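First residue of the sequence shown? That's 4 in my numbering, and the numbers climb one at a time after it.
For each residue, glycine too, the CB sits at the ideal point set by N, CA and C.
In this text the structure is predicted, and so the values were computed from the model without any measurement.
The next block holds one structure in the form of structure tokens; read it before the comments.
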Amino acid sequence: MGGKEIVKFFLLTVVTVHLVVFIIHLVVVIAHLAVVIVNLAVDTLHIAVVTVHLVVFIIHLVVVIAHLAVVIVNLAVDTLHIAVVTVHLVVFIIHLVVAHLAVVIVNLAVDTLHIAVV
């Protein structure tokens, strides 16, 4: 082998090694790009899951607020019902007292008339 052949062989070896290193580097870059794409997909899925959880939370909050409104309305209706029953009770007691008083007055008038007649 002459000097030219050695230089050619050396250059061919260097070029081959560079080509192999380049291919390995290219594979690493492609693998890294695949990892980035997978991470992006996972992040997108995570955002979707968080969004669904947020929507479910908001729906649950609306349901809880609506339930609270129903409870408040029921409490108001119950309070109004208690007031109506109380008024009816007071009116009934007043009627009872007035009727009893009227009976007493009529009895007194009858007794007075009876005394006057006798």
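Discussion item. So, at 6 Å on beta carbons, what are the nonlocal neighbours of V73 in its own chain, with the 5 sequence-adjacent residues on each side left out?
Written reply: Excluding positions up to five away in sequence, the list is empty.
Worksheet entry | CB contact check: V73 to chain C, cutoff 8 Å | Looking at the structure shown, chain C is missing, and only one protein chain is on hand.
Discussion item. Cutting at 8 Å between CB atoms, please list the residues of its own chain near V65, excluding the five before and the five after it.
Written reply: Taken in chain order, the list of residues that qualify is empty.
Worksheet item: The alpha helix (DSSP H) with G6 in it runs from where to where?
Response: Element bounds for G6: 6-120.
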